[in-house]
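A.B. asks: Protein chains in written order, with the working numbering: chain A, 247 to 556; chain B, 5 to 526; chain C, 153 to 482; chain D, 2 to 404.
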Amino acid sequence: MIGDLLNATVLIGIASSGIQLATPYLYASIGEMFGQRSGVLNLGVEGMMLMGAFTAFYTVHNTGSLVLGVLAALMIGALMGLAMAVISVTLQAEQGISGIGIYLFGLGMSDLLFQKSFSQIVTVRGFPTIRIPLLSEIPVIGEVFFEHNLLVYVAFALVPLAWFVLNKTTLGLKIRAVGQNPQAADTMGISVARVRYFTVTLGGMLASMAGASLSIALLNVFQQNMTAGQGFIAVALVYFGSWRPGGVLIGALLFSTVNALQLWVRTKGIDIPAEYASMAPYLLTILALVFASKRVDQPAALSKPFERGD
Amino acid sequence: MTSNGAPHTLPTGHARIDHMEMKGIVKRFPGVLAANQVDFDVRTGEVHALLGENGAGKSTLMKILYGMYQPDAGQITIDGKVASIHSPADAIRQGIGMIHQHFMLVPSLTVAENVALGMPSSRAPMLDLDVVSERIVQLAKTYGLQVDPECPVWQLAVGEQQRIEIIKALYRGAALLILDEPTAVLTPQEVDDLFVTLRQMTADGHALIFISHKLHEVLNISDRITVLRDGCVVGSVPAQGATKSGLARMMVGRDVVFQYKRDEVQTGDVLLRVEDLTAQSDRGTPALRAVSFDVHAGEILGLAGVSGNGQRELAQVIFGLRSATGGKVWLGSQDVTNKEPDTLNALGMSYIPEERMLDGVITDFTVAENVILQEHGQAPCSRGRLFLNPRAILQRSSELIRAFDIKTPNANTPIKSLSGGNIQKLILARELRRKPRVLIAAQPTRGVDIGATEYIHQCLLDQRAQGTATLLISEDLDEIMALSDRIAVLYEGTVVGIVDRKDANVEQLGLMMAGVRADAAS
Amino acid sequence: QAQDGEPFRVAVVMPSTVNDLAFSQSMYDALAAIQEERGEENFEFVYSENMFIVDDAATALRDYASEGYDLVIAHGSQYGASLAELAPDFPDTAFAWGTDINTYTDEGITNIFAYEARSEEGGFVQGVMGAMLSESGVIGIVGPIEAGDAKLYVDGYKAGVLYTNPDAEVIVNYIQSFSDLALAAAAAEAMLESDADVLTGTAQMVPGAIGQAQEVGALWFGTQSSQTSLAPEIVVANQVYDWTVVLEPIFENMANGVMGGEAYALTLENGGLVIDFNPDLELPEEVMAAAEEAIDAIVSGELVLVVDETGAGITVEEGEPMAEATEEAE
Amino acid sequence: MDLSSFRNPRLYRLIDPLLPLFATLAALLVGAVMLLLMNANPITAYRALYEGAFGSKNAVADTLIKATPLLLVGIGICISFRGGVINVGGEGQMIVGGLAATALALELPETTSPALALLLCLAASFAAGAIWGGIAGALKAYFKVNEILSTIMLNQIAIYWMIYLLNNTLIDPLKAQQASRIPETARLPRQFDLPRIGEWLDTLYKWLGLVGPDDKLWATTLLHLGIVLAVILAIAVYIFLWRTTIGYRIRAVGKNPRASRYAGIRVKRYVVLSLLLSGGLAGLAGGIQVMGVRHRMSAEGGGIAFTGNAGFNGIVAALFGQLHPIGTIPASVLFGALLVGGNKLQRDVQVPSALITVLIGLVIIFVVSSELWRRRRARRRVIVTEAGPPDRPPESQAMEAGR
Ligand SMILES: Nc1ncnc2c1ncn2[C@@H]1O[C@H](COP(=O)(O)OP(=O)(O)OP(=O)(O)O)[C@@H](O)[C@H]1O
Ligand SMILES: Nc1ncnc2c1ncn2[C@@H]1O[C@H](COP(=O)(O)OP(=O)(O)OP(=O)(O)O)[C@@H](O)[C@H]1O
Ligand SMILES: [Mg+2]
Ligand SMILES: [Mg+2]
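1. Relative to the C-alpha of B/Ala179, which residue among B/Pro156, B/Arg450, B/Glu496, B/Ile100 is closest?
2. Helix or strand or just coil, what does DSSP make of D/Asn40?
3. Since B/Phe107 meets chain D, which of its residues come closer than 7 Å, beta carbon to beta carbon?
4. Return the Cβ separation of B/Asn58 and B/Gly497 in integer angstroms, given the expectation that the two are a contact with Cβ distance under 8 Å.
5. Run through chain D and tell me which residues come within less than 8 Å of C/Glu424, C-beta to C-beta.
6. Determine the chain B residues that contact A/Leu419 at a beta-carbon separation under 8 Å, and present them in chain order.
7. Are the CB atoms of B/Leu443 and D/Ala260 nearer to each other than 9 Å?
8. Does DSSP put D/His225 in a helix, a strand or coil?
9. Below 8 Å, is the gap between the Cβ of B/Gln105 and the nearest heavy atom of ligand 3?
10. With a threshold of 9 Å between beta-carbons, can D/Thr45 be considered close to chain C, or not?
11. Just verifying my parser: in three-state terms, what is the DSSP assignment at B/Asp184?
12. Compute the minimum distance between the beta carbon of B/Asp184 and the heavy atoms of ligand 3, and state whether it is under 8 Å.
13. Is B/Val371 near ligand 5, going by C-beta to nearest heavy atom under 8 Å?
14. Thinking C-beta only, is A/Val390 closer than 9 Å to A/Ser502?
15. Say yes only if the C-beta of B/Ser421 is nearer than 8 Å to one or more non-hydrogen atoms of ligand 3, and no if none qualify.
16. Starting from B/Thr191 and walking both ways along the beta strand (DSSP E), at which residues does that stretch end?
17. Confirm, please, whether the CB-CB distance from D/Leu121 to D/Leu107 is below 9 Å.
18. Helix, strand or coil: which one does DSSP assign to B/Asp504?
19. How about B/Ser63: is its Cβ closer than 8 Å to a heavy atom in ligand 3?
20. B/Val237 lies in the alpha helix (DSSP H); which residues open and close that run?
21. Considering only residues of the segment 298 to 335 of chain B, which uninterrupted alpha helix (DSSP H) runs meet the minimum length of 4 residues and lie entirely inside it, listed in chain order?
22. Taking contact to mean 3 or more Cβ pairs, one atom from each stretch, closer than 8 Å, check whether the segment 125 to 140 of chain B and the segment 271 to 288 of chain B are in contact.
23. Is it the case that the Cβ atoms of A/Gln426 and A/Ser488 are separated by a distance below 9 Å?
24. Can you give the Cα-Cα distance for D/Trp133 and C/Thr396, rounded to whole angstroms?
25. Taking only the alpha-carbon atoms, compute the straight-line gap between B/Ala211 and D/Ala28 and give it to the nearest angstrom.
26. In three-state DSSP terms, what is B/Val256?
27. Give the DSSP-derived three-state secondary structure of B/Tyr355 in the structure shown.
28. Return the CA-CA distance between B/Val237 and B/Glu483, expressed in angstroms with no decimal places.
29. Classify A/Val386 as helix, strand or coil using the three-state DSSP reduction.
30. Please tell me whether, using a cut-off of 8 Å, the distance from the CB of B/Gly424 to the nearest non-hydrogen atom of ligand 3 is below it.
31. Which chain D residues are close to C/Glu321, counting only those with a beta carbon under 9 Å from its beta carbon?
32. Against B/Val576, what residues of chain A qualify as contacts under a CB-to-CB distance less than 9 Å, listed in chain order?
33. Give me the subset of the segment 63 to 85 of chain B whose CB atoms are less than 9 Å from a CB atom of chain A, sorted by chain position.
34. Excluding the 5 residues flanking C/Glu273 on each side, which residues of the same chain have their C-beta closer than 7 Å to its C-beta?
35. Could you check whether the Cβ of A/Arg283 sits closer than 9 Å to any Cβ belonging to chain C?
36. Helix or strand or just coil, what does DSSP make of B/Glu444?
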């Protein structure tokens, strides 16, 4: 039975669908990582994903333009991010709950708007699969890595980009400093608030893109609560990656690939209880961390509002 | 109103600040009037020193000047124009720099990153850490401060962090530089080098404000001296003609003795023995290389050395906060190598940690809650080990506050709103109250005012008289000389020599701290 | 029903939203249709949606009952237990719940109707079609969790496929989620890459799977309500629920003072289950014929779908043309 | 905002405790606009919301029943957050707690005396939740696995496990034979029902002469012993955290692990302990849901159908209660009221349930945002009145009480 899993189609299938499933996590987790690196914990990712998913879907449905769809998603994400920033940075609200508030708002609002604008579920023509010339010709590799839609490629391009920004630019240095010791950053003449507004807004935009990558690329439909908790997994993956883009990438791929694997296992009729198979990705994510030797450097100021003179 | 012929822009490229004035500054904190109608000013080319006991209001006044606090009243003028300083960013823009008493460093970042933070990059938007590192190394050389630009700050001992804090400021080269207790943990050599630098800066036309609790330093470097007490200016005098005792009287309001009565104590048997102790630093590099020494009952063993040569690690290993990779630690006849702190507490060992804010207290807890940090589980603080006894706890706290004269509104004040000097007194009070057999005191008077220093020193001596074996770790040679019976010098994780206080002198110790072996040095 | 001008008032509590294209919407549509037919002045209905939290649903049911609605419908098999606890407190209110067959009469309760959907029947018919339409002989089914209406449909569909083509391979995957579209998509993709060319599925997350089928032009069968609008070019047919078929007799009973104790079922025979073909999709004659045949066989009772008591699935037996259940619904 | 514009401290001392209420009203105002857009009458809507939460004895009972798990999870959160661990695993811990109580109830002989039966099941649910939380604790303390990650994952694992058990081991034999095979247990035997306290309340009312001898006031409601247990436990947790040495250590480790280690506290053990206790309380919440409300477990509708999302809402309640067990009591009741009233609003005004979700989100956002003013004034107040330290944290209150 297990033998059935060890043929090319299956392995390619697992790998490539692992990559697809990982895409929304990458957007959301990288965005969340920026926020957390600067000291803001945003538990509202799920809500932002849903708003992004709906906005993109709605725009593409009405204009037929994917570009506009993405722009709309980015805009609504920025707005949600700004809202979170106002609440958690300017109003210094307890970040844990404000996030939950944002989540519920997004969960409800996306559904409400959907019911107002559509009488029935419809599909849109989303991002087509792009087979990268030459590269996609490579056996196996080509099928696994170079036959995806644009948003998948973008998601993976984000990882090195995020790494570069964090570690090689002055902005990245400011972000890291603000997340570790805002007082110190402040005395160096850095505006803690401005940095955090930037990261949280960026996080909102990326979370929104995560939603869009579902509603106008992978699935091409919208449905209430279609993200089904992926936003929270995305937050968990930031911890898995201990706040490093590379780590987040590994986490997202591990979680998604195991998920794809367990689906294939059952597709191939290997009979283990479906419930246990579904547990696998969650279980393995934890186990991986247990055995991984980890350099945990949690931003010291994570979820702590900053106020000068305290 | 140019005071001297110096050019209007400084070598660092900043516009010179001829005259900065703070007028009628008032600042309230919960239960405290930290600044009460304070007038203060500094001119180009001068060093204006600010003196005062812990909690007198020095840092607060400076934090106001640097935009970290907003005054409740009063105004700041620069060269006659009213300066609106609402944030450190504003202050920096105005050409003001500050060396912070409580270091403003980002632990997870490297030295170079800390220095580069917030500075324009030559390759914006990209970082230019290599360039920064080079300049740091240069600066370090010129100012005789040794630093490694690539090293993450969290791995550095307090003394090393102090150097980074200084380098950071010098790197930015402000027209008006505030130095809030920059010398608290520097070696005499380092202090001398720093002073050379400061004199050069004044010659160039910088204006400097210098805060220290060490009067000889103040007399040595400053042109004018202003003394604060309880937020009010007690007086302002020229440095010429000022005397230690005179200044002390102004600060404390009474006479202060600088010579302690330390009667000869018959030393007993060995209470703390360290044998070939080896341990690693946070970097994983060897920090202790086969360190051995004894401390007898009724003896104070002074451990001198430049910060970062293993003092921190040694104290941590002895107290079970860091595991020894080799060797043994004996408490009396008992092998306590790698035992947990709770065991050591029970066996009568006390530790006054160098990082008081991180290790010594829980800043969000009240004074009372910090008093019972170790003994909350024992009568009378707890009933039957399970329930706390608020009445007893409050009583003990009040006793200590009274006995050690700790400045705090009351025992239920969060300890973070006490001045560090008073926090230090509280830690000392807490540890001594337990009548330890062995006491490890790391930087016990760092940043503590002379009144408190005098008091703390006396306490240590009394403790010695009662037969406690004390290991005194300090970078302040005067302190070491004043208190120790024997002096060991630590250099790169090895004891380069143990000399008897009577035949030790500062020059010799200085050489040993530079790695020269005792025999050769003497 | 509507005695002395008083409108007949119905309240329904549903686990998901009234626009879920599935279980909840099918009931909402039925009530709307009845209101359409009888006029608002004679027939009122209110709904409480997204009551996935069972104790909230219980509160809603109790609240409706105490507000004097004539009929209170608990539209979800997870509500039964709560319903049985509160029904006795409201003897003048009639309750209906489903999908289940238990009217709690053996607990001495007299005011609960039960209803179910024999979705295995439509499943079977669609399975027959699927087996004939599949060229690879591999057919995939995406389900949520293996229980209730979903299980019936899946088992029925599987039985239909194997009845028609015993060598066919049926891939069933219960993905353990009602809402995760991405997971449904991945499951479907795995099936398609294992050569499946005909797919079906049930519950709210199937649009994810439909999308994948669409990309490679595999055929799709829907259930619970029509999914043709989602993918006109690949949807062969949908099994559509028409709850009016069970609601009408309940109303009649109530008019005659019967407040409960009866169990009803949507079946092909009573028209509660309708195979709704996609007009835009040309089907081979023999497939249509086979479908009609299967429907007739089930209606007439020539074919009996026997549900295995161990939950193992559904087996098909030749029975003689007539069944009791058929009579009474007449 | 400018602190020196601060006027009358006394006035604000009266206003501040009510701040969350004002914030809620503000949120509802925004909600009113949305209601109008959905052409629903806000007045009617909000009357319904109130009616649903407090309008009748049944409503009050429902609110309290809803508040019970929030409170239990919430006081657990007080322990873990004070101990410096973020336990977002309430959902999973409730589920395993419910499963434990259910499984035990199905195993125990029918002859078990009610008192013993209840005690055993409650204990079992606490233990199960404690283990589930303890796992996350051990992972954090000994393997450096971040607890937010592990608890999020453990939530999902618990859900799948529940579905499995209810589909196989625990399923009601009758259901197992039906075609639909609904994955739920049989109803638990009656002696496993938490006593309804309506009767008792009525007796009390009669004794006080508030009602006539044969009036039924609360007797008809479903109010069960759970809320009483929860309140007692809240008080117990308060005492535990601020009057016992273990509580002191938990708080110390939460505030500063380094200093705690220096003080001789075995930090890792206390990290595990915090999650253990907070998990146990969540587990207890699950057990009480089974024995007080559901009387069985069912996998239909997934985990949330059972927990009612209390695992997360409990966090909100606790933080609204300033992470203080006593403060969490009113916070839970108000949040419970909002949830119960929201459903009633949806029923009466027939707006989409999504609108209610939005509304609750808004309330949460507005309330947390309003905290700032209270905090700043609190600080300002002590300065003005020269009394005590800024923004005095609850821990010092216990000390003060000792005077
Ligand atoms: N942010 C603050 N909150 C509350 N009280 C404060 C704050 N900053 C300073 N204080 C109080 O103001 C007084 C002056 O503190 P300040 O730091 O200026 O003293 P200092 O002269 O710097 O003492 P030291 O010599 O120990 O540095 C102290 O009593 C301190 O407790
Ligand atoms: N967040 C805070 N809340 C309350 N008081 C504070 C806070 N931060 C600093 N302080 C007080 O502000 C004053 C700042 O003094 P600072 O800590 O700079 O010097 P210090 O602590 O007195 O150091 P030392 O005693 O070594 O000179 C201290 O008295 C400290 O108690
Ligand atoms: Mg100071
Ligand atoms: Mg000081």
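Ideal placement from N, C-alpha and C gives every residue a C-beta, glycine not left out. Treat the numbers as computed from the prediction; the structure is a model and nothing was measured.
C.D. replies: In this structure, then:
1. Position 175 of the second sequence holds residue 179 of chain B. Residue B/Ile100 is the option with its Cα nearest to B/Ala179.
2. The residue you call residue 40 of chain D lines up with position 39 of the fourth sequence. Coil at D/Asn40, not helix or strand.
3. On the second sequence, position 103 is the one that residue 107 of chain B refers to. Correct list: empty, because the minimum Cβ distance to chain D is about 17 Å.
4. On the second sequence, position 54 is the one that residue 58 of chain B refers to. On the second sequence, position 493 is the one that residue 497 of chain B refers to. About 33 Å separates the two Cβ atoms, so there is no contact after all.
5. By one-based count along the third sequence, residue 424 of chain C stands at place 272. Note on identity: in this sequence residue 424 of chain C is Gly, with Glu being the wrong assignment. Going along chain D, no residue has its Cβ under 8 Å from C/Gly424, so there is no contact; the nearest lies around 16 Å.
6. Position 173 of the first sequence, counting from 1, holds the residue named residue 419 of chain A. Within 8 Å Cβ-Cβ: Leu113, Glu117, Ala120, Leu121, Leu131.
7. Indexing the second sequence from 1 puts residue 443 of chain B at position 439. Indexing the fourth sequence from 1 puts residue 260 of chain D at position 259. Taking 9 Å as the Cβ cut-off, B/Leu443 and D/Ala260 do not qualify as a contacting pair.
8. Numbered from 1 along the fourth sequence, position 224 holds the residue referred to as residue 225 of chain D. Strand, per DSSP.
9. The sequence position of residue 105 of chain B within the second sequence is 101, counting from 1. Yes - ligand 3 has a heavy atom lying nearer than 8 Å to the Cβ of B/Gln105.
10. Along the fourth sequence, read from residue 1 onward, the residue named residue 45 of chain D stands at position 44. False, the Cβ-Cβ gap to chain C never drops below 9 Å.
11. One-based indexing of the second sequence puts residue 184 of chain B at position 180. Correct three-state label for B/Asp184: strand.
12. Here residue 184 of chain B is taken as the residue at index 180 of the second sequence, counted from 1. Answer for B/Asp184: yes, Cβ within range of ligand 3.
13. Because ligand 5 does not appear in the structure shown, any question about it cannot be addressed here, the ligands present being ligand 1, ligand 2, ligand 3 and ligand 4.
14. Translated into the one-based positions of the first sequence, residue 502 of chain A becomes position 256. Translated into the one-based positions of the first sequence, residue 390 of chain A becomes position 144. Cβ atoms of A/Ser502 and A/Val390: not closer than 9 Å.
15. Taking the first residue of the second sequence as 1, we reach residue 421 of chain B at position 417. The answer is no for B/Ser421.
16. Walking along the second sequence from the start, residue 191 of chain B turns up at place 187. Careful: B/Thr191 lies outside any beta strand (DSSP E) and carries neither H nor E.
17. For the purposes of this step, residue 107 of chain D is identified with residue 106 of the fourth sequence, where counting begins at 1. For the purposes of this step, residue 121 of chain D is identified with residue 120 of the fourth sequence, where counting begins at 1. No, these two residues do not count as a Cβ contact at 9 Å.
18. Taking the second sequence and counting its residues from 1, the one referred to as residue 504 of chain B is at position 500. Strand, per DSSP.
19. As a position in the second sequence, residue 63 of chain B is number 59, starting the count at 1. Under cutoff, so the answer is yes.
20. Residue 237 of chain B sits at position 233 when you count from the first residue of the second sequence. Where B/Val237 is concerned, there is no enclosing alpha helix (DSSP H), although the beta strand (DSSP E) it sits in stretches over 236 to 242.
21. 315 to 322
22. no
23. On the first sequence, residue 426 of chain A is found 180 positions in, with the first residue counted as 1. On the first sequence, residue 488 of chain A is found 242 positions in, with the first residue counted as 1. No.
24. Here residue 133 of chain D corresponds to residue number 132 of the fourth sequence, with the count starting at 1. Here residue 396 of chain C corresponds to residue number 244 of the third sequence, with the count starting at 1. Cα to Cα, the separation comes out at about 47 Å.
25. By one-based count along the second sequence, residue 211 of chain B stands at place 207. By one-based count along the fourth sequence, residue 28 of chain D stands at place 27. Their Cα atoms are separated by approximately 54 Å.
26. Locating residue 256 of chain B in the second sequence gives position 252, counting from the first residue. If DSSP states are grouped into helix, strand and coil, B/Val256 belongs with the helices.
27. Position 351 of the second sequence, counting from 1, holds the residue named residue 355 of chain B. Correct three-state label for B/Tyr355: strand.
28. Here residue 237 of chain B is taken as the residue at index 233 of the second sequence, counted from 1. Here residue 483 of chain B is taken as the residue at index 479 of the second sequence, counted from 1. The straight-line gap from Cα to Cα measures roughly 29 Å.
29. Taking the first residue of the first sequence as position 1, residue 386 of chain A is located at position 140. In this structure, A/Val386 counts as coil in the three-state DSSP scheme.
30. Residue mapping note: residue 424 of chain B aligns to position 420 of the second sequence, counting from 1. At least one heavy atom of ligand 3 is nearer than 8 Å to the Cβ of B/Gly424, so yes.
31. For the purposes of this step, residue 321 of chain C is taken as residue 169 along the third sequence, with counting starting at 1. Near C/Glu321 there are no residues of chain D at all, since even the closest Cβ is about 24 Å away, more than 9 Å.
32. In the structure as shown, chain B begins at 5 and stops at 526. Residue 576 of chain B is therefore absent and cannot be evaluated.
33. Lys67, Tyr70, Gly71, Met72, Tyr73, Gln74
34. Start at 1 with the first residue of the third sequence, and residue 273 of chain C comes out as number 121. The answer, listed in chain order, is Gly308, Thr419, Leu420, Leu425, Ile450, Leu457.
35. Translated into the one-based positions of the first sequence, residue 283 of chain A becomes position 37. Output row for A/Arg283: interface = no.
36. Counting from one through the second sequence, the residue named residue 444 of chain B turns up at place 440. One detail in the question is off: residue 444 of chain B reads as Ile in this sequence, not Glu. Correct three-state label for B/Ile444: strand.
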